[in-house]
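Peer 1: Dropping a structure here in structure tokens format, bear with me for questions.
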Amino acid sequence: MRSITDSLQNSAALLANVEARLAAARRAGGLPDLGETPLPPATLDSRAGDLGALLVGMKHAVAALKSANHGVLAIQALVGGLAELAEAAASGARPLDQAATLYDAELARLDQIAEATCYGRTQLIDGSDPEALTVLFNGTSASTTPRTLPELALTAAGLGLTPAATAWTGPEGAAASRQELAQAATTLAEAAASLTQALGTVQIRQDFTSQLIATLRTVTHPDPDAAGRKPPALQSLAPAAQANQAVLRLFT
Numbered sequence: 515m516r517s518i519t520d521s522l523q524n525s526a527a528l529l530a531n532v533e534a535r536l537a538a539a540r541r542a543g544g545l546p547d548l549g550e551t552p553l554p555p556a557t558l559d560s561r562a563g564d565l566g567a568l569l570v571g572m573k574h575a576v577a578a579l580k581s582a583n584h585g586v587l588a589i590q591a592l593v594g595g596l597a598e599l600a601e602a603a604a605s606g607a608r609p610l611d612q613a614a615t616l617y618d619a620e621l622a623r624l625d626q627i628a629e630a631t632c633y634g635r636t637q638l639i640d641g642s643d644p645e646a647l648t649v650l651f652n653g654t655s656a657s658t659t660p661r662t663l664p665e666l667a668l669t670a671a672g673l674g675l676t677p678a679a680t681a682w683t684g685p686e687g688a689a690a691s692r693q694e695l696a697q698a699a700t701t702l703a704e705a706a707a708s709l710t711q712a713l714g715t716v717q718i719r720q721d722f723t724s725q726l727i728a729t730l731r732t733v734t735h736p737d738p739d740a741a742g743r744k745p746p747a748l749q750s751l752a753p754a755a756q757a758n759q760a761v762l763r764l765f766t
């Protein structure tokens, strides 16, 4: 608990320090001193431009990840239907040959969904390009550390699903398919979790980068009618700081 309160205090102190420096810069009609020496407008503008370039990649990544998530949801629903079909064939509730034909047709549809799930030319779930999505959060060159999504191959073959035409020689074949589908469901759940985590990470950095760009623009190109207003990034941090103080009061 002590480490949590220390962290909250440090966050509040940092916010207060940045606010004080920005306020002093506005009063002096100059630039904020956020380090040992003030940063010139050209440097801040250049950094805002660099961040803007990174933001384009983040927006692309968010759209691609959302598309992939929709594809995984569709495949999960389809796998659920396949499991019911295999159960009906294994139990004799449905003629084996009829169920096998429907099963393989649904497997073909699964492949179509995996291959059609893309944003632009970025395909994330069919296993065609494991390096399809690389997002830079800092810097503007490949020398920085990227965040790359792990390989996802969610086609019928990639999920280990055997066509009924070759496997369903009897009810026991349909029963074996049920086991394959159970494993596929686990794989899909892990893929969905991976995509959701990646999406959340990129969205957080996207929001932060957007706020930081707006703050840099505000500092270098101030609005004369907004002298009393805080830059966007500080506006977003202020409620968090107030919440921090409320929590701190519970332990002091």
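So the mapping is simple: our numbering equals the position in the sequence shown, first residue as 1, plus 514. Ideal Cβ positions, reconstructed from N, Cα and C, are used throughout, including at glycine.
1. DSSP three-state label for Ala667, please.
2. Rounded to whole angstroms, what's the CA-CA distance from Ala670 to Leu624? Just pull it up for me.
3. Quick one: is Ile589 buried, meaning 16 or more other Cβ sit within 10 Å of its Cβ, or exposed?
4. Can you tell me whether Ser581 is buried or exposed? The criterion is at least 16 other CB atoms within 10 Å of its CB, across all chains shown.
5. Rank Gly674, Leu579, Pro609 and Gly595 by C-alpha distance to the C-alpha of Pro685 and give the top, closest one.
6. Let me know the secondary structure DSSP gives Thr683 once reduced to three states.
7. According to DSSP, is Thr631 part of a helix, a strand, or is it coil?
8. Using beta-carbon positions only, say whether Val576 and Gln717 come within less than 8 Å of one another.
9. Leaving aside the five residues before and after Ala613 along the sequence, list all residues of the same chain whose C-beta is less than 8 Å from its C-beta, in chain order.
10. Is it buried or exposed for Asp721, if we count other Cβ within 10 angstroms and need 16 for buried?
11. Using only alpha-carbon positions, find the residue among Gln725, Ala698, Asn583 and Gly606 that is nearest to Gln637.
12. I believe Glu694 touches Gly672 by the beta-carbon criterion, under 8 Å. Please report the beta-carbon distance rounded to the nearest angstrom.
13. Would you kindly work out how many angstroms separate the C-alpha atoms of Glu620 and Ala597, rounded to a whole number?
14. Could you confirm whether any beta carbon from chain B is found closer than 8 Å to the beta carbon of Glu704?
15. Using C-beta distances below 6 Å, list every residue in its chain close to Asp640, excluding the 5 sequence neighbours before and after it, in chain order.
Peer 2: Taking the structure as given:
1. The answer is strand: DSSP assigns Ala667 an E or B state.
2. Annotation: Ala670 to Leu624 spans about 7 Å, alpha carbon to alpha carbon.
3. With 16 or more Cβ atoms within 10 Å of its Cβ, Ile589 is classed as buried.
4. The residue in question, Ser581, is buried, as its Cβ has 16 or more Cβ neighbours within 10 Å.
5. Comparing Cα-Cα distances from Pro685 to each of Gly674, Leu579, Pro609 and Gly595, the minimum goes to Pro609.
6. Coil.
7. In this structure, Thr631 counts as coil in the three-state DSSP scheme.
8. Inclusion of Val576 and Gln717 in the CB contact set at 8 Å is warranted, their separation being smaller than that value.
9. Exclusion of the five residues before and after Ala613 leaves Leu599, Ala600, Ala602, Ala603, Ala678, Trp682 and Ala688 as the residues of its chain whose Cβ lies within less than 8 Å of its Cβ.
10. So Asp721 ends up on the exposed side.
11. Answer by Cα proximity: Asn583.
12. Contact flag wrong, Cβ pair sits at about 12 Å.
13. Roughly 11 Å separates the two Cα atoms.
14. No chain B is present in this structure, which holds just one protein chain.
15. For Asp640, where only same-chain residues beyond five positions count, the Cβ hits under 6 Å are Ala628, Glu629 and Thr669.
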